[in-house]
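Q:
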Amino acid sequence: MSVEAQKETLGFQTEVKQLLHLMIHSLYSNKEIFLRELISNASDACDKLRYKALENDALYEGQSELQVKITADPENNTVTISDSGIGMNRQDVIDHLGTIAKSGTSEFLSQLTGDQKKDSQLIGQFGVGFYSSFIVAEEVEVVTRKAGSPAGEGVRWVSKGDGEFTIEAVEKAERGTAITLKLKADEKEFSEDFRLRNLIRKYSDHIAVPVLMEKQSFEEPKEGEEATDKAPEFEAVNEAQALWTRSRTDVNDDEYKEFYKHVSHDFADPLTWSHNKVEGKLEYTSLLYLPGKAPFDLYHREASRGLKLYVQRVFIMDDAEQFLPLYLRFIKGVVDSNDLSLNVSREILQQDPNITSMKSALTKRVLDMLTKLAKNDTEKYQTFWNEFGSVLKEGPGEDFSNKEKIAKLLRFTSTNSSDETQNVALADYVERMKEGQDKIYYVTAENYNTAKNSPHLEIFRKKGIEVLLMTDRIDEWLMSHLTEFDGKSFQDVAKGELDLGDTESEEDKKAQEEAAEKVEGMVERTKELLKEQVEDVRVTHRLTDSPACVVLNDGEMGEQMRQIMAAAGQEIPESKPVLELNPTHPLILKLDQEQDEERFGELARIILDQAMLAEGRQLKDAATYVQRLNRLLLELAG
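Just so you know, we're using UniProt numbering here: the sequence shown kicks off at 1 and counts up by one.
Right under this line is the structure:
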């Protein structure tokens, strides 16, 4: 087939079109990042070739030097970023430059609002890479050839970023990729040597491969000599030493921040980082970062995650998830081992006992980093918690050995809080516990308002006892694994018999017994009437203002977990709540005095349904509840 016959025009995937449009407008104020993104991709391509060549040295094609080269042409207003890396074939080009293969892309794009400032932060989380070229270029040309393939299998890709691209076969002698940007008329600065050198030093000094630019010659030809067209000489502009291999004292904060953006493709700075070299039985270096913003796909379990793995400075894989537990999947960074084999695979990583030791040590390092941040910078820690707190809550169920450390890092809102910000540490709660209080009390609910207004809190408010309000979907699951803290057991105030410990006086207990005796007959009548709907009916001491509440027996699945299971299409175990009645409430006293069995039944059922609604539950027959309530209102209205 001739080269011309292979030329075709294809359309971008819909998501690419959307992203290009939004990105060009939202990221314009931060347009210089295109160079960082393209150099970062070029560096990755070199890393990937070095790794592939471990098994097949022929991929070097007799030229093992790996480099990134930047050439500028101010006359034609172009800049070219080329690399001697792995390169792409025709299908790779279509897959990588025409589509976005990230899970949840459509969901992410639906969150964009048209507010350029907010959207730019979201797009920064998404990672735009190659597409950032179109912020400054009116047309982009990519010429590439995959290492090991014949020169005739080069590919040329061209697009103006307007919805389609052309692709054709070309001759390309050298492996790798060259990206040429035809700059917009008002972006001429990016074809200037001085500007490009400054950007390379600013953003890409830490790249482990040399980034070359043409050496500037300021010598005039000597008298009688004619200017000759010598081959241009190139020089490295960056330091070209892997940042994590340098001593911590030699790396400044700005360099650490730029390296984070290289490994994460995030636009924002990290909150903090930990750089550590381990020597002894195991030898490895780690550089771990805590991001400031959650990636858009944090809750997509199939999304790629993990650290960049190097062995003896040779890149091995991008997302080595074996070095940290799943609940720390938000951590970015690199780990470089001297003890692993260069041909290590994901399967080998899962079986290597050294990896288990490294995972344990790296997990401890991350938890120490978080502990230090919580202690030294509460504002930054709150930022972390708002973004990743519900993921960290997976920890106690996954990592028994670090349960205590994780528990100290958890944050909740409580009845002492002025709003729904989760900033109450368990240690602070324990410090504020009332004299005689021996339990940590909490309530789970679908949202903050439901939790804050729960009738179960009434006795605690009266006695001034703080209760944790748990409203994240994972909280009930968390508390099934977190049974105690600092020697104090947890108690769900909406489950089981209420035990207020020594905060209740003998007078309180005597008054409760007397009140219960007075309505004993009414409790039995209600129990018989509602036996199909409830497990039991009993007098409560947890209410001061409400007539009734529903509680579950200890160990029963709460409403939060039931909703999660229902959303996942799983079968929910059948259970009936216990109805507790407040013996001092006027409505319950009215019920006790009602002799007409039909009216007794109407009122008792309304009280049960109201208690269910206050708990955030769905009524099985809401229409009948409304009819009963309307009949009662009409009767009261005469």
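Glycine included, each C-beta is placed from N, C-alpha and C at the ideal position.
#1: Taking its Cβ as the centre, do 16 or more other Cβ atoms sit within 10 Å of residue 171, making it buried, or is it exposed?
#2: In whole angstroms, give me the CA-to-CA distance for residue 626 and residue 610.
#3: In whole angstroms, what separates the C-alpha of residue 472 from that of residue 444?
#4: Where DSSP assigns a beta bridge to residue 275, which residues make up the other side?
#5: Mind checking if residue 97 is an interface residue toward chain B, Cβ cutoff 8 Å exclusive?
#6: Identify, in the order they occur along the chain, each residue of the same chain with its Cβ nearer than 7 Å to the Cβ of residue 316, setting aside the five sequence neighbours on each side.
#7: Taking the beta carbon of residue 270 as the centre, do at least 16 other beta carbons fall within 10 Å, making it buried, or is it exposed?
#8: Once the 5 residues before and after residue 324 are set aside, which same chain residues still bring their CB inside 8 Å of it?
#9: How many Å lie between residue 4 and residue 285 at the Cα?
#10: Taking buried to mean at least 16 other C-beta atoms within 10 Å of its own C-beta, is residue 582 buried or exposed?
#11: Would you call residue 249 buried or exposed, if buried means 16 or more other Cβ atoms sit within 10 Å of its Cβ?
#12: For residue 267, which of helix, strand or coil comes out of DSSP?
#13: Assign residue 615 to buried or exposed, taking buried as 16 or more other Cβ atoms, counted over all protein chains shown, within 10 Å of its Cβ.
#14: Can you tell me where the alpha helix (DSSP H) with residue 612 in it begins and where it stops?
#15: With distances taken between CB atoms, is the gap from residue 212 to residue 69 smaller than 8 Å?
#16: Can you give, in chain order, each stretch of the beta strand (DSSP E) that sits fully within the segment 190-219 and has at least 3 residues?
#17: Identify which residue in 593, 247, 238, 368 has its Cα closest to the Cα of residue 272.
#18: Beta-carbon within less than 8 Å of residue 341's beta-carbon, same chain only, minus the 5 sequence neighbours each way: which residues are those?
#19: Starting from residue 360 and walking both ways along the beta strand (DSSP E), at which residues does that stretch end?
#20: Have a look at residue 698 and residue 184 and give me their C-alpha separation to the nearest angstrom.
#21: Leaving out five residues on either side along the sequence, give the residues of the same chain with a beta carbon under 6 Å from the beta carbon of residue 6.
#22: Look at the alpha carbon of residue 55 and the alpha carbon of residue 490, and state the distance between them as a whole number of angstroms.
#23: Please list, in chain order, all residues of the same chain as residue 499 whose beta carbon is under 8 Å from its beta carbon, the five residues on each side excluded.
#24: Please state whether DSSP places residue 499 in a helix, a strand or coil.
#25: If I'm right that residue 553 touches residue 495 with Cβ under 8 Å, what's the distance once you round it to whole angstroms?
#26: Distance check for residue 187 and residue 1, CA to CA, integer angstroms please.
#27: Using a threshold of 8 Å, state whether the C-beta atoms of residue 550 and residue 523 are closer than that.
#28: Taking just the CA atoms, how far does residue 53 sit from residue 59?
#29: In whole angstroms, what separates the C-alpha of residue 279 from that of residue 14?
A: The relevant details are as follows:
#1: The sequence position of residue 171 within the sequence shown is 171, counting from 1. When all chains shown are included, residue 171 counts as exposed.
#2: Against the sequence shown, residue 626 aligns to sequence position 626. Against the sequence shown, residue 610 aligns to sequence position 610. Approximately 11 Å between the Cα atoms of the pair.
#3: Here residue 472 refers to the residue found at position 472 of the sequence shown. Here residue 444 refers to the residue found at position 444 of the sequence shown. The alpha-carbon atoms of residue 472 and residue 444 are separated by roughly 8 Å.
#4: Position 275 of the sequence shown, counting from 1, holds the residue named residue 275. Listed as beta-bridge partners of residue 275 by DSSP are 287.
#5: The chain inventory of the structure shown lacks chain B, comprising one protein chain alone.
#6: Working through the sequence shown from its first residue, we reach residue 316 at position 316. Same-chain partners within the cutoff: 51, 309, 310, 344.
#7: Translated into the one-based positions of the sequence shown, residue 270 becomes position 270. In this structure residue 270 is buried. Its beta-carbon is surrounded by 16 or more other beta-carbon atoms within 10 angstroms.
#8: Position 324 of the sequence shown, counted from the start, is the residue given in the question as residue 324. Taken in chain order, the residues that qualify are 306, 307, 331, 359, 362, 363, 366.
#9: Working through the sequence shown from its first residue, we reach residue 4 at position 4. Working through the sequence shown from its first residue, we reach residue 285 at position 285. Confidence is the limiting factor: at residue 4 the pLDDT is only 48, short of 50, which leaves the residue's position unreliable, though a coordinate-based value still follows. Cα to Cα, the separation comes out at about 51 Å.
#10: Position 582 of the sequence shown, counting from 1, holds the residue named residue 582. Residue 582 is buried by the Cβ-count criterion.
#11: The residue you call residue 249 lines up with position 249 of the sequence shown. Exposed is the call here.
#12: Translated into the one-based positions of the sequence shown, residue 267 becomes position 267. Looking at residue 267 - three-state DSSP - the assignment turns out to be coil, as it is neither helix nor strand.
#13: On the sequence shown, position 615 is the one that residue 615 refers to. Flag for residue 615 reads buried.
#14: Within the sequence shown, residue 612 is the residue found at index 612, counting from 1. Counting along the chain, the alpha helix (DSSP H) containing residue 612 begins and ends at 597-614.
#15: Translated into positions along the sequence shown, residue 212 becomes position 212. Translated into positions along the sequence shown, residue 69 becomes position 69. The answer is yes: Cβ separation under 8 Å.
#16: 211-214
#17: On the sequence shown, position 272 is the one that residue 272 refers to. Among 593, 247, 238, 368, the Cα nearest to that of residue 272 is on 368.
#18: The sequence position of residue 341 within the sequence shown is 341, counting from 1. Correct list, in chain order: 311, 348.
#19: Walking along the sequence shown from the start, residue 360 turns up at place 360. Looking at the DSSP string, residue 360 is not in any beta strand (DSSP E); the run it does join, the alpha helix (DSSP H), is 353-376.
#20: The structure shown does not extend to residue 698, since the chain is modelled only from 1 through 638, so no value can be given for it.
#21: For the purposes of this step, residue 6 is identified with residue 6 of the sequence shown, where counting begins at 1. Closer than 6 Å at the Cβ level, and outside the excluded window around residue 6, lie 168, 169.
#22: If you number the sequence shown from 1, residue 55 lands on position 55. If you number the sequence shown from 1, residue 490 lands on position 490. Approximately 56 Å between the Cα atoms of the pair.
#23: For the purposes of this step, residue 499 is identified with residue 499 of the sequence shown, where counting begins at 1. 439, 491, listed in sequence order.
#24: As a first step, residue 499 must be located in the sequence shown, where it is residue number 499. Coil, per DSSP.
#25: Numbered from 1 along the sequence shown, position 553 holds the residue referred to as residue 553. Numbered from 1 along the sequence shown, position 495 holds the residue referred to as residue 495. 7 Å between Cβ atoms; contact.
#26: As a first step, residue 1 is located in the sequence shown; it is residue number 1 there, counting from the start. As a first step, residue 187 is located in the sequence shown; it is residue number 187 there, counting from the start. Because the pLDDT of residue 1 is 39, which lies under 50, any placement of that residue in the model is unreliable, and the question is left without a value.
#27: Stepping through the sequence shown from its first residue, residue 550 is reached at position 550. Stepping through the sequence shown from its first residue, residue 523 is reached at position 523. In this structure, residue 523 does not lie closer than 8 Å to residue 550 by Cβ.
#28: For the purposes of this step, residue 59 is taken as residue 59 along the sequence shown, with counting starting at 1. For the purposes of this step, residue 53 is taken as residue 53 along the sequence shown, with counting starting at 1. If I take the Cα positions, the gap works out to 6 Å.
#29: Counted from its first residue, the sequence shown places residue 279 at position 279. Counted from its first residue, the sequence shown places residue 14 at position 14. For residue 279 and residue 14, the distance between alpha carbons rounds to 50 Å.
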